[in-house]
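J.: Below: one structure in structure tokens.
Chains as they are written, first to last, in the working numbering: chain D, 1 to 487; chain U, 488 to 1005.
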């Protein structure tokens, strides 16, 4: 190893000598215009390098010097700010709880401009999960296109396919739903003539047909009970309509929806009249202790004529894990009629402190509502507020928590207004939320510009998901399913 | 005379190339344009590595590079002619590994004629052809007369290589070696090795690429339609292997009368095959749709009408193209439109059926009527309906335009930047980027400015059952929108609803009167 050091040193010196000297830069009194906007964001230790580009196409070279408040320095120069992964990790580790200060110079028309430094804050909260899972889907209308479930190592730039449409031709796949970020226990729904629900426990795949004579549709939006013995699910008859103008594109709505629980040990559906009313019930989730089932409910209205009247309240009902039974009454946490908003997609933090949800003017599919924002409720006090620190003037939706509940990921249409991208932010014990950062990519402008997909339903995964896509493809096309029964 | 005797094969190949060029360049040029619009070829290392990651990807990459030239159909036709000639040449080279009489020479055209027939299927991709050419080349250079060791080494290296470059065309290569070795040397072992290794490569790759095994054996990029297996593909592949071997074992014909008779007989047979069987595989209905699509894309409205006058269109897509052409030339009225076959509202606005061609054509109709956002939806759907999940440069161009008209410049810029990486759309993208954000320039643009004025200001939900009312709204929005106005009056006529027609007629007359008074 020692013998290799001089070679390494020589190579580094050669590389350094390739860098252009920033000569006589014009110092301007503004911060650099960079993509993504990483100015003042808070990042976890060991996140993938926060590469960035100049926003302007005209910038030929970007020169970046990063200094840590607790030590360490990096200097990169090139078409974009491209940080070495190992050095970057070392720098963030060294500056845990501190700041990284970036001094950026840009070469344009042969002249250097030096901008005012900006900071990234390195959080004291770790994000040790392996990465994210998400569905990549073109933000289209009715034709699914090239859908796939992917996972991304958030400490590097590596992305891996979990299941792609090419493995199950003609089938549409819904999002990967894991049990509290577990990589070994999750489910996916496939739609199409060979559709079904695949549940992975360890490395075993079980394929279910979740439609019965007593339920009007297959299971849809799902969530695991922490024990792994139950899955809460909604059954929805989902439709969509399209607007003639550009501001709004699509309205997705249910003409019916109910909530139920599947017992994964017996493949039985547990129904209850409180959750199967004429009203629309959807988005069920269990509290982290498994004793409460949250869900959203709208008063019945004549859909699609009265689609703007569908406003969903946030409700809860108790659940007994031992007997697999519900409580005898429903509590309304947030009343949609009173607040004149629609509350959807509740996600409790795994430490039991917070409940995050989407808020829009109406409907249950916030991803198509420009006004959709994220809100948060303190479960203990019931106080709730808009997450102004992360919300944008475009769609913010589909949020999920990290396993330690100090980070959350969500998808947002900020940026170009069309393609959802994944953003990550942190929350401290007092509920203070930091400015979110866009999921880092190597050469991010090129990556995101050439991406034809939206990031849909991003979620954290503690470990890398091991899913046999070939087996899934075979089982999907074979069409063998276990029929669930109503208990 | 001596020159002809000496170079008759070259002359024949040249004649063949000219015929193929005329065939594709003039008669079936819309098939070439159709193929081009199903792909997006970027000069980008990522695209190359993405292709490299799957078996057959290199052949696909090469073919996609070539298909972008189909934008100029004559160049596309030259490419196909060259590839056909090379395939025939490779076939003859295989034959000539043995001593064979030239009397049988024309039989070497049979495989490529079969391929020509097969390419009548508009979904057959050039990557299939390129794959076969590569496989044939490897068959030609197979060291038949070398030692066994050399052959084993060649097989061990070439089979995985050919497989990764071409995909299942490797089977042609393996089967050729197997047959040749059995016939010539009774070497069953190398035959088995070649075939087993090919199949093993295919099965092993299935573990790494996200495709079912059946798709790997069919070819990932050989045909746009993957849920139905085209048997003809395997027949063509077999022909390129079997026919050279068959020719090489045919009896030798010495120069003389018999030889000339044989040559004439073969000539008659091959020419008959080409003249009869090739056109029979080019279904006029499919190509008629593509012809109309091409003319709509080029906005050659009068040519569409002339075409319809020669043969009245009768499918929703062709009729709707004709009706659009009539509307664009101010002729979509009872007197003129009903001179042609009409098939109800479907012939005006085809029903959405998640299909590439119909979505694309319907998008064009909405675009021209001023329904920019609906056009954008149909274009987006068309792109996602491309059978191999690819993208389309033509559609990205249109999406850049619709977003530009809608003032959604960031999305438009995204698409334009992508087109900057293409060969044929680059200049247009550069010019259009300059328009972004320049409201004055866009508003004054003859197309974008006009369509901006046509767009509806009041939002509501789109309904295929109420397109007439939407056309009415468009007329209310912009009384100069004569295209929408014609459709408004034409739709009730299509359903034979005279009462509705009279109401709409009255509305249009009032609108025109108001317009005149202004």
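C-beta atoms are modelled at their ideal positions from N, C-alpha and C, and glycine is treated no differently.
Being a predicted model, the structure only gives us computed values, none of them experimental.
Using the Cα positions of residue 1 (chain D) and residue 548 (chain U), report the straight-line distance between them to the nearest angstrom.
T.: By one-based count along the first chain, residue 1 (chain D) stands at place 1. By one-based count along the second chain, residue 548 (chain U) stands at place 61. With a pLDDT of 47 at residue 1 (chain D), under the threshold of 50, the modelled position of this residue cannot be trusted, and the question is left open.
J.: Buried or exposed: residue 738 (chain U), going by 16 or more other Cβ atoms within 10 Å of its Cβ?
T.: Locating residue 738 (chain U) in the second chain gives position 251, where the first residue counts as 1. The residue in question, residue 738 (chain U), is exposed, as its Cβ has fewer than 16 Cβ neighbours within 10 Å.
J.: Would you decide whether residue 644 (chain U) is buried or exposed? Buried here means 16 or more other CB atoms lie within 10 Å of its CB.
T.: Here the question's residue 644 (chain U) lines up with position 157 in the second chain. It counts as exposed.
J.: Tell me which residues of the region 894–910 of chain U have at least one Cβ-Cβ distance to chain D shorter than 7 Å, keeping chain order.
T.: Within the region 894–910 of chain U, the residues whose Cβ lies closer than 7 Å to some Cβ of chain D are 895, 897, 898, 901, 904, 905, listed in chain order.
J.: Is there a Cβ from chain U that is less than 9 Å from the Cβ of residue 417 (chain D)?
T.: One-based indexing of the first chain puts residue 417 (chain D) at position 417. With 9 Å as the cut-off, residue 417 (chain D) counts as an interface residue toward chain U.
J.: Contact criterion: CB-CB distance below 9 Å. Does residue 339 (chain D) meet it with respect to chain U?
T.: The residue given as residue 339 (chain D) occupies position 339 in the first chain. So, not an interface residue.
J.: Run through the region 432–470 of chain D for me and flag every whole beta strand (DSSP E) of 3 or more residues, listed as ranges in chain order.
T.: Counting only runs of 3 or more, we get 454–461.
J.: Is residue 59 (chain D) close to chain U? Criterion is C-beta to C-beta, closer than 9 Å.
T.: As a working note, residue 59 (chain D) is residue 59 in the first chain. No, no contact with chain U.
J.: Within 10 angstroms of the Cβ of residue 806 (chain U), are there 16 or more other Cβ atoms? Answer buried if so, exposed if not.
T.: Position 319 of the second chain, counted from the start, is the residue given in the question as residue 806 (chain U). Residue 806 (chain U) should be labelled buried.
J.: If you drop the 5 nearest sequence neighbours on each side, which residues of the same chain put their C-beta closer than 6 Å to that of residue 66 (chain D)?
T.: For the purposes of this step, residue 66 (chain D) is identified with residue 66 of the first chain, where counting begins at 1. Same-chain partners within the cutoff: 74, 100, 102.
J.: How long is the line joining the alpha carbons of residue 322 (chain D) and residue 139 (chain D), rounded to whole angstroms?
T.: By one-based count along the first chain, residue 322 (chain D) stands at place 322. By one-based count along the first chain, residue 139 (chain D) stands at place 139. Approximately 42 Å between the Cα atoms of the pair.
J.: Compute the Euclidean distance between the alpha carbons of residue 539 (chain U) and residue 341 (chain D), then round it to the nearest angstrom.
T.: For this step, residue 539 (chain U) is matched to residue 52 along the second chain. For this step, residue 341 (chain D) is matched to residue 341 along the first chain. Distance between the alpha carbons of residue 539 (chain U) and residue 341 (chain D) is about 50 Å.
J.: Consider the Cβ of residue 455 (chain D): report whether some Cβ of chain U lies at a distance smaller than 9 Å.
T.: Residue mapping note: residue 455 (chain D) aligns to position 455 of the first chain, counting from 1. So no, residue 455 (chain D) is outside the interface.
J.: Could you tell me if residue 967 (chain U) is buried or exposed, where buried requires 16 or more neighbouring beta carbons within 10 angstroms of its beta carbon?
T.: Numbered from 1 along the second chain, position 480 holds the residue referred to as residue 967 (chain U). It is exposed - the Cβ of residue 967 (chain U) has fewer than 16 other Cβ atoms within 10 Å.
J.: Check whether the Cβ of residue 783 (chain U) sits closer than 8 Å to any heavy atom of the ligand NAD, and report yes or no.
T.: Although the ligand NAD was asked about, the structure shown includes no ligands whatsoever.
J.: Say whether chain D places a C-beta atom closer than 9 Å to the C-beta of residue 535 (chain U).
T.: Position 48 of the second chain, counting from 1, holds the residue named residue 535 (chain U). No, its Cβ sits nowhere closer than 9 Å to a Cβ of chain D.
J.: In angstroms with no decimal places, state the Cα-to-Cα distance between residue 707 (chain U) and residue 166 (chain D).
T.: Position 220 of the second chain, counting from 1, holds the residue named residue 707 (chain U). Position 166 of the first chain, counting from 1, holds the residue named residue 166 (chain D). Each residue's Cα considered, the two are about 10 Å apart.
J.: Residue 201 (chain D) lies in the beta strand (DSSP E); which residues open and close that run?
T.: To locate residue 201 (chain D), count along the first chain from 1; it is residue 201. Per DSSP, residue 201 (chain D) belongs to the beta strand (DSSP E) from 196–201.
J.: Report the rounded CA-to-CA distance for residue 990 (chain U) versus residue 958 (chain U), giving the unit in angstroms.
T.: Residue numbering aside, residue 990 (chain U) sits at position 503 when the second chain is read from its first letter. Residue numbering aside, residue 958 (chain U) sits at position 471 when the second chain is read from its first letter. Each residue's alpha carbon lies about 14 Å from the other.
J.: When Cβ atoms are compared, which residues of the region 684–699 of chain U fall closer than 9 Å to chain D?
T.: Result list: 693, 694, 696, 697, 698, 699.
J.: Could you spell out where the alpha helix (DSSP H) holding residue 927 (chain U) opens and where it closes?
T.: Here residue 927 (chain U) refers to the residue found at position 440 of the second chain. Per DSSP, residue 927 (chain U) belongs to the alpha helix (DSSP H) from 926–931.
J.: Please report how far the alpha carbon of residue 192 (chain D) lies from the alpha carbon of residue 170 (chain D), in whole angstroms.
T.: Start at 1 with the first residue of the first chain, and residue 192 (chain D) comes out as number 192. Start at 1 with the first residue of the first chain, and residue 170 (chain D) comes out as number 170. So the two alpha carbons sit approximately 7 Å from each other.
J.: In chain U, what lies closer than 8 Å to residue 248 (chain D) by C-beta?
T.: Working through the first chain from its first residue, we reach residue 248 (chain D) at position 248. Going along chain U in sequence order, the residues near residue 248 (chain D) (Cβ under 8 Å) are 946.
J.: For residue 634 (chain U), is the classification buried or exposed, using 16 other Cβ atoms within 10 angstroms of its Cβ as the cut-off for buried?
T.: Numbered from its first residue, the second chain carries residue 634 (chain U) at position 147. Under this definition residue 634 (chain U) is an exposed residue.
J.: Who are the neighbours of residue 953 (chain U) on chain D, taking C-beta pairs under 8 Å?
T.: Against the second chain, residue 953 (chain U) aligns to sequence position 466. The contacting residues do not exist; residue 953 (chain U) stays about 11 Å from chain D at best.
J.: Keeping to the same chain, check which residues put their C-beta closer than 8 Å to that of residue 278 (chain D); ignore five residues upstream and five downstream.
T.: Reading the first chain from its first residue, position 278 is the one you call residue 278 (chain D). Only 300 meet the Cβ criterion.
J.: In chain D, which residues lie less than 8 Å from residue 876 (chain U) when you measure between Cβ atoms?
T.: Taking the first residue of the second chain as position 1, residue 876 (chain U) is located at position 389. The contacting residues are 145, 146, 165, 166.
J.: Label residue 381 (chain D) either buried or exposed according to how many other C-beta atoms from any shown protein chain fall within 10 Å of its C-beta, with 16 as the threshold for buried.
T.: The sequence position of residue 381 (chain D) within the first chain is 381, counting from 1. Exposed, since its Cβ has fewer than 16 Cβ neighbours within 10 Å.
J.: Could you list which residues in chain U have their beta carbon closer than 7 Å to that of residue 138 (chain D), in chain order?
T.: Walking along the first chain from the start, residue 138 (chain D) turns up at place 138. The answer, in chain order, is 871.
J.: For residue 987 (chain U), which three-state DSSP category applies?
T.: On the second chain, position 500 is the one that residue 987 (chain U) refers to. Three-state DSSP puts residue 987 (chain U) in a helix.
J.: For residue 296 (chain D), which beta-bridge partners are listed by DSSP?
T.: Stepping through the first chain from its first residue, residue 296 (chain D) is reached at position 296. Paired residues: D:282, D:314.
J.: Under DSSP, the alpha helix (DSSP H) around residue 720 (chain U) begins and ends at which residues?
T.: For the purposes of this step, residue 720 (chain U) is taken as residue 233 along the second chain, with counting starting at 1. Its alpha helix (DSSP H) spans residues 718–735.
J.: Using the Cβ count rule (16 or more neighbours within 10 Å means buried), how would you classify residue 695 (chain U)?
T.: Reading the second chain from its first residue, position 208 is the one you call residue 695 (chain U). Per the 10 Å Cβ criterion, exposed.
J.: Given that a residue counts as buried once 16 or more other Cβ atoms are within 10 Å of its Cβ, and exposed if not, what is residue 413 (chain D)?
T.: Counted from its first residue, the first chain places residue 413 (chain D) at position 413. Looking at its Cβ environment, which holds 16 or more other Cβ atoms inside 10 Å, residue 413 (chain D) is buried.
J.: So residue 841 (chain U) contacts chain D; which residues on that side make the cut at Cβ distance below 7 Å?
T.: Taking the first residue of the second chain as 1, we reach residue 841 (chain U) at position 354. Near residue 841 (chain U) (Cβ distances below 7 Å), the residues of chain D are 142, 143.
J.: Under 9 Å, do residue 196 (chain D) and residue 207 (chain D) count as touching if we go by C-beta distance?
T.: Mapped onto the first chain, residue 196 (chain D) falls at position 196. Mapped onto the first chain, residue 207 (chain D) falls at position 207. Going by C-beta atoms, residue 196 (chain D) is nearer than 9 Å to residue 207 (chain D).
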